[in-house]
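>
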Amino acid sequence: MFDTKSASDAIHGLKSGSFVPYFQPQFNYETGSVIGAEVLARLVRPDGSVLQPKTFIPEFETSGLIYDLDRSIWADACRQLKQWRATGHNLPYISVNVSRKDFYHEDFVECLHGVAKENGLSASDIHLEITESAYTEDTEQLLQVLEDLRKIGFVIEMDDFGSGYSSLCALKDMPLDVIKLDSGFLSTEDKYNRCGKIVTAVVKMSHSIDIPVIVEGVETVEQADFLKTVGCRFMQGYYFAEPMDAESFTALLDADLPRFEKLPGIKDSGALDFFDIKSQSTLIFNSYVGGAAIISRGLNGKVSALRMNDKFFDMVGVSKEQFAKYQFDIMSSLAPESAAVFAKAMDDAEKTGEETSCMTYSPNAYGSRQERWYFNRFRFLARKVESSIFYLSLEDVSLRMRLLKSNKKLVEEIKERENLFMRAAEQINLFFWKYDIRTKEMYPCSRCQSTFGLPVRVEDYPEPAIGMCIFPEGEHYREIMKKVDAGEDIDEIMPLSSERVPFRVRYVVEHDKDGNPTVAYATALPVKN
Ligand code: C2E
Ligand code: CA
Ligand code: CA
């Protein structure tokens with residue numbers, strides 16, 4: 001409720017001028033363009049904290065100070081619109097809130113008109129939001145003032161339409177140009193499953209009496225898509241953007257719009273289906289065997305996890321509580337190079353609409369004091385004004401990476417041993433090879449390979465070696481190999497290589513358990529004379 005601290009802040013705020021207008025854009029969802037902005041009062045305290053209207057508006061209305069506050073907000077908002085237009089920002093109108101109490105001030109119409117003129121604006125640049133409940137009080141007087149305002153050209157909007165119980169009467173009796181449909185009809189608490197039908201009926205009715213409808217409080221893409229399908233294009237709500245200060249709003253006007261469009265290839269409905277508790281996607285998401293999360297990347301580049309399935313925590317390797325510390329900056333646990341790779345994969349997913357993937361490394365995964373490797377796959381879901389939403393599936397590949405690392409080490413060790421052995425073989429001028437009796441394949445040592453230009457595996461041995469003059473011509477060597485094939489060991493001196501250097505050649509044959517010869521290991525050492 002209204003506490004004395006905020007009351008005194010509020011009253012002081014009015015004097016010191018720290019009430020500021022915030023702007024919330026209204027969109028045409030068909031085209032993506034900004035059609036206007038609602039002006040919402042905020043009280044900025046000296047410490048920079050921002051108070052919401054519910055903490056001061058009720059008190060201001062009872063104390064009569066609301067008129068002062070409203071006038072100061074209208075003046076600020078009109079000046080801002082003038083400035084935007086002067087700097088080439090094309091905002092069609094601003095929509096200001098008008099309290100029922102404002103109508104009782106004699107100079108009310110004059111004041112509004114004056115502030116518009118002072119800023120070079122026409123009355124139609126300003127929409128006046130008058131809450132539906134205002135229509136129940138002193139209707140005679142209200143009717144008169146509304147007629148005067150409309151004559152000047154102000155656009156009258158009936159705010160919170162449908163929130164009270166006299167909406168239809170008000171609609172029948174009051175001059176008005178636009179209906180602002182209360183967000184209550186988008187509620188998930190829809191006991192009788194009627195909201196969608198009521199919204200559809202209101203939109204149809206408003207079309208038939210030629211009064212456009214703006215739906216406020218649109219928070220999800222499903223709501224926006226639903227409204228589009230029933231013929232309502234004008235929307236306002238957190239799905240598109242939250243109320244923001246003038247500076248941020250300028251940035252929004254500068255940005256390329258539409259920014260909430262979905263990329264081609266992404267199904268029209270269901271992109272953010274994951275947020276609907278009852279949706280099929282949610283079921284699939286939760287029963288998906290791998291780790292999955294819906295993540296959002298803000299304008300500052302920080303990535304938050306919005307929803308995670310249970311398996312996600314197993315994959316990340318820490319408890320939900322532990323992960324919570326990183327939930328709003330999940331890249332902070334990654335090594336810097338990995339964070340860059342992660343961001344790049346998201347960029348690509350957003351640009352192409354295709355699935356992208358990357359491997360990341362976390363030296364101290366989410367505070368677990370363990371290093372981990374993750375394989376990440378991304379799918380772009382939707383873009384909002386201030387963030388992009390992705391589907392992330394995550395796999396812990398740490399075990400595989402550790403094995404790969406130790407394999408690499410093993411291979412290096414083996415290479416090192418072989419190197420040592422080859423150096424020794426070089427010193428004594430030793431050649432060696434393996435001969436497979438069953439297949440007649442010969443596997444030369446690497447010295448044989450480099451000295452005689454042999455491949456790793458020689459088929460139909462010994463024919464190629466005889467052909468290459470490594471062995472003497474004639475039947476001699478073929479006879480020896482026949483003996484080996486028959487399972488006999490060999491130990492003979494023979495002239496080898498094209499220089500015919502005498503070598504002592506030895507074959508040692510191995511046999512299987514039935515006594516059949518299988519392979520032979522052979523060496524050749526030069527004979528010193
Ligand atoms: P309102 O005129 O119905 O304004 C819409 C309210 O809904 C705003 O709250 C806005 O921030 C909020 N809203 C916008 N999009 C969403 C959404 O997607 N989901 C939800 N749940 N809420 C959304 P805010 O700014 O707190 O203002 C509250 C009320 O205070 C306004 O309701 C209006 O009646 C009043 N108010 C605000 N500024 C002024 C002002 O300058 N003068 C007067 N007389 N009243 C004001
Ligand atoms: Ca309003
Ligand atoms: Ca409203």
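Numbering (this note's numbering), first residue to last: 1 to 529.
For glycine and all other residues, C-beta sits at the position ideal for the given N, C-alpha and C.
Computed from a prediction, not measured in an experiment: that's the story for all the values here.
Within the continuous beta strand (DSSP E) that includes H511, where are the two ends?
Here the beta strand (DSSP E) through H511 covers V501 to H511.
> Relative to ligand 1, is the shortest distance from any of its heavy atoms to the C-beta of E219 smaller than 6 Å?
Answer for E219: yes, Cβ within range of ligand 1.
> Where does I466 fall in DSSP's three states?
I466: helix per DSSP, three-state reduction.
> What is the rounded straight-line gap between the Cα of T220 and the Cα of F249?
Each residue's alpha carbon lies about 21 Å from the other.
> Please determine, among P175, T229 and C169, the residue with the shortest C-alpha to C-alpha distance to I551.
Residue numbering for the chain in the displayed model covers 1 to 529; residue 551 lies beyond these limits and cannot be assessed.
> Apply the 10 Å Cβ neighbour rule to A271 and answer buried if 16 or more other Cβ atoms are within range, or exposed otherwise.
Low confidence applies to A271: its pLDDT is 46, below 50, so where it sits in the model is not reliable, and the reading given next is rough at best. When all chains shown are included, A271 counts as buried.
> Rounded to whole angstroms, how far is the Cβ of Q24 from the Cβ of A246, which I believe are closer than 8 Å?
Not a contact, Cβ separation roughly 12 Å.
> Apart from the five residues on each side of it in sequence, which residues of its chain come closer than 6 Å, Cβ to Cβ, to I209?
Taken in chain order, the list of residues that qualify is empty.
> When the distance is taken between beta carbons, is I466 closer than 7 Å to I480?
No, the Cβ-Cβ distance between I480 and I466 is not below 7 Å.
> If distances are taken between C-alpha atoms only, which option among A425, Y374, Y391 and N429 comes closest to R402?
The shortest C-alpha separation from R402 is found at Y374.
> Measuring from the CB of D160, is there a heavy atom of ligand 3 at a distance below 6 Å?
Yes, ligand 3 has a heavy atom inside 6 Å of this Cβ.
> Examine the Cβ distances between the stretch 405 to 423 and the stretch 381 to 396 and report whether three or more of them are shorter than 8 Å.
Touching, no, given that fewer than three Cβ pairs across the two stretches are closer than 8 Å.
> To the nearest angstrom, how far is it from the Cα of G265 to the Cα of G353?
Per-residue confidence for G265 stands at a pLDDT of 33, beneath the threshold of 50, marking its modelled position as unreliable; no derived number is given.
> Give every residue of the same chain whose Cβ lies closer than 7 Å to the Cβ of A241, excluding the five residues on either side of it in the sequence, and list them in chain order.
Closer than 7 Å at Cβ, skipping near neighbours: Q24, P25, L252, V385 and E386.
> Flag E129 as yes when its Cβ comes closer than 6 Å to any non-hydrogen atom of ligand 2, and as no otherwise.
Yes, Cβ of E129 sits closer than 6 Å to a heavy atom of ligand 2.
> Give me the Cβ distance between P530 and D485, rounded to the nearest whole Å; I'm assuming they're in contact under 8 Å.
The question about residue 530 has no answer, for the chain in this structure spans 1 to 529.
> Quick check on DSSP: helix, strand or coil for A241?
Of the three classes helix, strand and coil, the one that applies to A241 here is coil, per DSSP.
> Can you tell which of H511, C169, F452 and T229 has the C-alpha that lies nearest to the C-alpha of A134?
Considering only alpha carbons, the answer is C169.
> Would you check if the distance between the CB atom of E61 and the CB atom of N97 is smaller than 7 Å?
For E61 and N97, no; Cβs fall outside 7 Å.
> Within 6 Å: the Cβ of P545 and any heavy atom of ligand 1?
No answer is possible for residue 545: it lies beyond the span of the chain, which begins at 1 and ends at 529.
> Residues in its own chain within less than 6 Å of V20 by CB, not counting five upstream and five downstream?
Cβ within range, chain order: R42 and V44.
> Using a threshold of 7 Å, state whether the C-beta atoms of V39 and I94 are closer than that.
Their beta carbons are under 7 Å apart, which means V39 touches I94 by this criterion.
> Just grab the DSSP bridge partners of R369 for me.
BP columns for R369 are empty, so no partner.
> Just list the residues that DSSP pairs Q26 with in beta bridges.
Note: Q26 sits in a beta bridge opposite G36.
> If you drop the 5 nearest sequence neighbours on each side, which residues of the same chain put their C-beta closer than 7 Å to that of C232?
The answer, listed in chain order, is V203, V213 and V215.
> Taking the alpha-carbon positions, what's the D514 to Q449 distance?
Answer to the nearest angstrom: the Cα atoms are 33 Å apart.
> Runs of 3 residues minimum, wholly inside the stretch 152 to 192: which ones carry the beta strand (DSSP E) assignment?
Those beta strand (DSSP E) runs which fall completely within the stretch 152 to 192 and span 3+ residues are 155 to 161 and 178 to 181.
> Please list the terminal residues of the continuous alpha helix (DSSP H) segment that includes N407.
Residues S398 to I428.
> Go through its chain and collect everything with a Cβ distance to M422's Cβ below 7 Å, but skip five positions before and after it.
Cβ within range, chain order: S446 and R447.
> In chain order, what residues of the same chain have a beta carbon less than 6 Å from the beta carbon of Q223, not counting five sequence neighbours either side?
Only L186 meet the Cβ criterion.
> From the DSSP output, read off the bridge partner residues of E129.
E129 is bridged to N97 and E157.
> For ligand 3, is there any heavy atom lying closer than 6 Å to the beta carbon of E61?
No; taking the cut-off as 6 Å, the Cβ of E61 has no heavy atom of ligand 3 nearer than that.
> Looking at the unbroken beta strand (DSSP E) that takes in I493, where does it start and where does it end?
Counting along the chain, the beta strand (DSSP E) containing I493 begins and ends at I490 to L496.
> Just to confirm the assignment: which complete beta strand (DSSP E) runs, minimum length 3, are found wholly within the stretch 275 to 354?
The qualifying runs are 291 to 298 and 303 to 308.
> Quick check on the burial criterion: 16 or more other C-beta atoms within 10 angstroms. Buried or exposed for K180?
So K180 counts as buried.
> Count the other CB atoms, across all protein chains shown, that sit within 10 Å of the CB of D310; report buried if there are 16 or more and exposed otherwise.
The residue is exposed, with fewer than 16 neighbouring Cβ atoms inside 10 Å.
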